[in-house]
Amino acid sequence: MKKIALISLVALMSCGGSLSDEQRKRLHEGMEKQKIVKISDSEIVSAAMEQGRAFYSAMEKLSFDPIKTDSVARIYGVKVIQVDINSANAKDMEKQLLDAYISAAATGTMPDNIQKIRKSNDDYDSLIYSKPIVITKDGVENVTGVWNIYLAKKQVILTVSKK
């Protein structure tokens, strides 16, 4: 019985894998994507804030050109929506964010923001990074709109887990 087990083990070991280096690399990448990683909610929110700021910075470098922004949005895996004061098709959350920035303009503090978009009571599947569009006229800051950058929670987690 021991000899059969030993012969079987030797036979299995002698059968080398026929995977190429490229196939082996893809296999390892696939295993990395499937790896279970525990990430806290605060880490997800912090990473989403960083990713939102990075994308906004990329949009600034492109002078907010819509065609180039759409291309960069596909690379980053985000959805970008500009909401103006007169936008009629804005979602409720987008209107609330815009109203909050307009109210905050009186105090002079209008930092960028990250919000969870809830799909049920405690669970959320995406986050929204927002940054106001401000025009200064005669020393007074006026909010004319807001940039909303939608980030998928899954994509944020994958980015964090790679680090």
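Heads up: take any position in the sequence shown, counting from 1, add 1493, and you land on our numbering. Backbone N, C-alpha and C fix where the C-beta goes; we use that ideal spot for every residue, glycine too. Given the structure is predicted, the values throughout are model-derived calculations rather than measurements.
In or out: residue i buried (at least 16 other Cβ within 10 Å) or exposed?
i, result
"GLY1545", "buried"
"VAL1576", "buried"
"ALA1583", "buried"
"ILE1529", "exposed"
"ILE1621", "buried"
Does the distance from the CB of residue i to the CB of residue j come in under 8 angstroms?
i, j, result
"ILE1642", "VAL1573", "yes"
"ALA1645", "SER1623", "no"
"VAL1636", "ILE1626", "yes"
"LEU1591", "VAL1639", "yes"
"MET1586", "TYR1594", "no"
"ILE1610", "ALA1541", "no"
"GLN1648", "GLY1523", "no"
Could you check where the beta strand (DSSP E) with residue i kicks off and where it finishes?
i, result
"ILE1610", "1606-1611"
Residues bridged to residue i by DSSP?
i, result
"GLN1575", "TRP1640"
"ALA1645", "SER1619"
"THR1629", "GLU1634"
"LYS1624", "TRP1640"
I need the boundaries of the alpha helix (DSSP H) containing residue i, first residue and last residue.
i, result
"LYS1554", "1534-1554"
"ASP1558", "Careful: ASP1558 lies outside any alpha helix (DSSP H) and carries neither H nor E."
"GLY1523", "1514-1527"
"ALA1583", "No alpha helix (DSSP H) contains ALA1583, which DSSP labels as neither H nor E."
Going by alpha carbons, who is nearest to residue i out of the options?
i, options, result
"ILE1650", "LYS1612, LYS1531 and ILE1497", "LYS1531"
"THR1629", "PHE1557, ALA1598 and ASP1534", "ALA1598"
"ILE1578", "SER1596, ASP1558 and GLN1527", "SER1596"
"ASP1616", "ASP1534, GLU1525 and TYR1549", "ASP1534"
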